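First the structure, in the form of structure tokens, and then the observations on it.
Protein chains: 2
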Amino acid sequence: MGHMNTAPEPAARHRWLTDEEQRIWRSYRHATTLLEDHLDRQLQRDAGMPHIYYGLLVGLAEAPRRRLRMTELAMQAKITRSRLSHAIARLEKNGWVRREDCPSDKRGQFAVLTDEGFEVLRRTAPGHVTAVRQALFERLSPEQQKALGEIMEIVAEGLQPEEAGADLPWLR
Amino acid sequence: MGHMNTAPEPAARHRWLTDEEQRIWRSYRHATTLLEDHLDRQLQRDAGMPHIYYGLLVGLAEAPRRRLRMTELAMQAKITRSRLSHAIARLEKNGWVRREDCPSDKRGQFAVLTDEGFEVLRRTAPGHVTAVRQALFERLSPEQQKALGEIMEIVAEGLQPEEAGADLPWLR
DNA sequence: CCTCACTTGTTCAAGTTTCAAGGAGATGGC
DNA sequence: GCCATCTCCTTGAAACTTGAACAAGTGAGG
Numbered sequence: 005m006g007h008m009n010t011a012p013e014p015a016a017r018h019r020w021l022t023d024e025e026q027r028i029w030r031s032y033r034h035a036t037t038l039l040e041d042h043l044d045r046q047l048q049r050d051a052g053m054p055h056i057y058y059g060l061l062v063g064l065a066e067a068p069r070r071r072l073r074m075t076e077l078a079m080q081a082k083i084t085r086s087r088l089s090h091a092i093a094r095l096e097k098n099g100w101v102r103r104e105d106c107p108s109d110k111r112g113q114f115a116v117l118t119d120e121g122f123e124v125l126r127r128t129a130p131g132h133v134t135a136v137r138q139a140l141f142e143r144l145s146p147e148q149q150k151a152l153g154e155i156m157e158i159v160a161e162g163l164q165p166e167e168a169g170a171d172l173p174w175l176r
Numbered sequence: 005m006g007h008m009n010t011a012p013e014p015a016a017r018h019r020w021l022t023d024e025e026q027r028i029w030r031s032y033r034h035a036t037t038l039l040e041d042h043l044d045r046q047l048q049r050d051a052g053m054p055h056i057y058y059g060l061l062v063g064l065a066e067a068p069r070r071r072l073r074m075t076e077l078a079m080q081a082k083i084t085r086s087r088l089s090h091a092i093a094r095l096e097k098n099g100w101v102r103r104e105d106c107p108s109d110k111r112g113q114f115a116v117l118t119d120e121g122f123e124v125l126r127r128t129a130p131g132h133v134t135a136v137r138q139a140l141f142e143r144l145s146p147e148q149q150k151a152l153g154e155i156m157e158i159v160a161e162g163l164q165p166e167e168a169g170a171d172l173p174w175l176r
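So the protein lines, in turn, are chains A and B. Heads up, the first sequence is in the working numbering, so the first residue is 5 and it goes up one at a time. Heads up, the second sequence is in the working numbering, so the first residue is 5 and it goes up one at a time.
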């Protein structure tokens with residue numbers, strides 16, 4: 005919206021990125037794009053699904069009784085309920101997930117990992133881990149790995165959809 | 005492919021991630037997902053296009069005569085030609101980009117940033133830079149910024165589609 | 001009870017991305 | 001010149017994502 009020098013926001017907020025910051029930002033964009041594409045293709049090829057769908061199966065596999073309410077799964081995967089609904093429909097068609105009604109809340113649905121889904125995971129997880137290891141961990145020193153973890157934690161913390169904004173409801 | 009203990013690859017390659025590595029990997033996934041979603045919504049709201057499309061306009065704005073061959077633009081943005089073709093079609097419909105034939109190669113097309121497209125960029129760039137700054141740079145110490153740049157450069161280097169694999173053609 | 005506000009999950013339509021296929025032009029050997 | 005082959009870019013269909021709208025259910029306060 006605001007775009008001129010005397011806009012509502014202080015001028016300091018409109019300052020450009022320094023050359024160094026631009027360089028860092030470009031590297032970030034470049035690397036994250038390449039890595040996501042790489043893993044997406046790896047999983048599409050080896051497991052027949054995109055990375056995000058794989059993450060859903062992992063989420064279910066780690067949950068008690070291998071099931072999670074739709075909303076919980078959506079939050080854990082950081083996607084909208086709508087997107088999850090479509091995704092589960094597809095995974096259900098594959099036979100890897102099954103829906104179950106929630107007895108205590110008639111609106112609720114559980115997404116349940118089937119044995120077949122678990123099997124897919126068991127079969128493809130090693131290859132996926134290898135891909136992550138080769139692309140990331142094998143290339144970074146222990147110090148860099150530690151730094152990366154800290155940095156990403158800070159960034160994520162600043163963007164939490166709920167926790168951070170919950171006490172400032174008037175902002176949205 | 006391989007999935008049992010005595011598979012073609014050495015057992016060492018199948019070792020799981022340590023707890024620490026898993027923590028780092030989760031933070032990475034979490035942060036990059038949130039940041040991309042955040043910027044995508046910011047640009048969809050303020051500029052009426054997804055982040056990647058915005059990046060295409062920036063690429064054109066920085067090019068000599070504000071134009072680039074389709075293939076060059078696709079490489080710079082790290083997307084397929086097909087995807088670019090669809091994207092440019094949409095941006096053309098918005099009046100922000102125009103196609104021009106290449107005189108020296110009749111197969112070739114230039115994507116050219118229109119004045120209107122440049123204007124959109126001029127109007128929305130400050131807000132975008134602010135979003136990046138707030139989400140990333142304002143939260144990291146100078147040392148962390150430096151580390152992030154180095155890490156991302158290393159990761160990107162290992163995933164270059166062409167440069168890196170070109171001398172190992174038998175791998176793909 | 002009843003009602004109003006909220007939550008849960010789905011659906012629809014529009015937009016985006018992917019993949020395979022293909023038209024058209026360039027290139028290089030013969 | 002001619003042919004096979006490669007490159008440039010587009011196309012179409014299927015898969016995936018998004019945001020708004022919605023039906024159904026919950027729950028707190030009267």
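The beta-carbon is built from N, C-alpha and C at its ideal position, and this holds for glycine as well. Remember, it's a predicted structure, so these values are computed and weren't measured experimentally.
1) Give a yes or no on whether the C-beta atoms belonging to W100 (chain B) and L43 (chain B) are separated by under 8 Å.
2) Taking 8 Å as the threshold (C-beta atoms), are E96 (chain B) and R103 (chain B) in contact?
3) If you reduce the DSSP assignment to three classes, tell me which class V101 (chain B) lands in.
4) Name the DSSP bridge partner or partners of I117 (chain A)?
5) What would DSSP say about L43 (chain A), mapped onto helix, strand or coil?
6) Helix, strand or coil for R3 (chain A) per DSSP?
7) Secondary structure at D23 (chain A), three-state DSSP: helix, strand or coil?
8) Leaving aside the five residues before and after I158 (chain A) along the sequence, list all residues of the same chain whose C-beta is less than 6 Å from its C-beta, in chain order.
9) Got a sec? Which residues, its chain only, sit under 7 Å from P54 (chain B) by beta carbon, not counting five neighbours each side?
10) Do L38 (chain A) and V133 (chain B) count as a contact pair if the criterion is CB distance below 8 Å?
11) Below 8 Å on the Cβ atoms is my guess for A184 (chain A) versus L144 (chain A); work out the distance and round it to an integer in Å.
12) Any beta-carbon of chain A closer than 8 Å to the one on F122 (chain B)?
13) Would you say M53 (chain A) lies against chain B (beta-carbon separation less than 8 Å)?
14) Roughly how many angstroms separate the alpha carbons of G59 (chain B) and R69 (chain A), rounded to a whole number?
15) At a CB distance below 7 Å, what residues from the segment 25-38 of chain B approach chain A? Give them in sequence order.
16) Is any beta-carbon of chain A found at less than 8 Å from that of E157 (chain B)?
17) Using CA coordinates, which residue listed in A:I155, A:A51, A:S108, A:D105 is at the minimum distance from T128 (chain A)?
18) If you reduce the DSSP assignment to three classes, tell me which class L140 (chain B) lands in.
19) Can S31 (chain B) and G153 (chain A) be called in contact, C-beta distance under 8 Å?
20) By the 8 Å beta-carbon criterion, what residues does the segment 79-106 of chain B contribute toward chain A?
21) Can you tell me whether T36 (chain A) is buried or exposed, with buried defined as 16 or more other CB within 10 angstroms of its CB?
22) Please report the distance separating the alpha-carbon of R73 (chain A) from that of H18 (chain A).
23) Taking C-beta pairs closer than 8 Å, name the residues in chain A that A135 (chain B) reaches, listed in chain order.
24) Looking at the secondary structure, which residues open and close the beta strand (DSSP E) in which R71 (chain B) lies?
25) From the DSSP output, in three-state form, read off Q80 (chain A) for me.
26) Could you tell me if P130 (chain A) is buried or exposed, where buried requires 16 or more neighbouring beta carbons within 10 angstroms of its beta carbon?
Working from what's here:
1) No, these two residues do not count as a Cβ contact at 8 Å.
2) Yes, the pair counts as a contact, with Cβ atoms nearer than the cut-off.
3) Residue state, collapsed to three classes: strand.
4) At residue 117 (chain A) the sequence reads Leu, which differs from the Ile that was named. DSSP, once it has assigned bridges, lists A:V101 as partnering L117 (chain A).
5) In the three-state reduction of the DSSP assignment, L43 (chain A) falls in the helix class, which pools H, G and I.
6) Here chain A has residues from 5 to 176 only, and residue 3 (chain A) is not among them.
7) Three-state DSSP puts D23 (chain A) in a helix.
8) Closer than 6 Å at Cβ, skipping near neighbours: no residue.
9) Contacts found: D44, L47, Q48.
10) A distance of 8 Å or more separates the beta carbons of V133 (chain B) and L38 (chain A).
11) Outside the modelled stretch of chain A, which goes from 5 to 176, sits residue 184 (chain A), for which no answer is possible.
12) With 8 Å as the cut-off, F122 (chain B) does not count as an interface residue toward chain A.
13) For M53 (chain A), the answer is no, since every Cβ of chain B falls outside 8 Å of its Cβ.
14) So the two alpha carbons sit approximately 44 Å from each other.
15) So the close ones are E25, R27, I28, W29, S31, Y32, H34, A35, T36, T37, L38.
16) Chain A contact via Cβ: present.
17) Considering only alpha carbons, the answer is A:A51.
18) L140 (chain B) sits in coil when the DSSP states are folded into three classes, being neither helix nor strand.
19) Yes; because the gap between Cβ atoms is below 8 Å, this pair is in contact.
20) If the cut-off is 8 Å between Cβ atoms, the segment 79-106 of chain B has K82 near chain A.
21) T36 (chain A) should be labelled buried.
22) Annotation: R73 (chain A) to H18 (chain A) spans about 43 Å, alpha carbon to alpha carbon.
23) Within 8 Å Cβ-Cβ: nothing; A135 (chain B) doesn't reach chain A, min ~10 Å.
24) Segment 71-73, the beta strand (DSSP E) holding R71 (chain B).
25) The three-state secondary structure of Q80 (chain A), taken from DSSP, is helix.
26) In this structure P130 (chain A) is buried. Its beta-carbon is surrounded by 16 or more other beta-carbon atoms within 10 angstroms.
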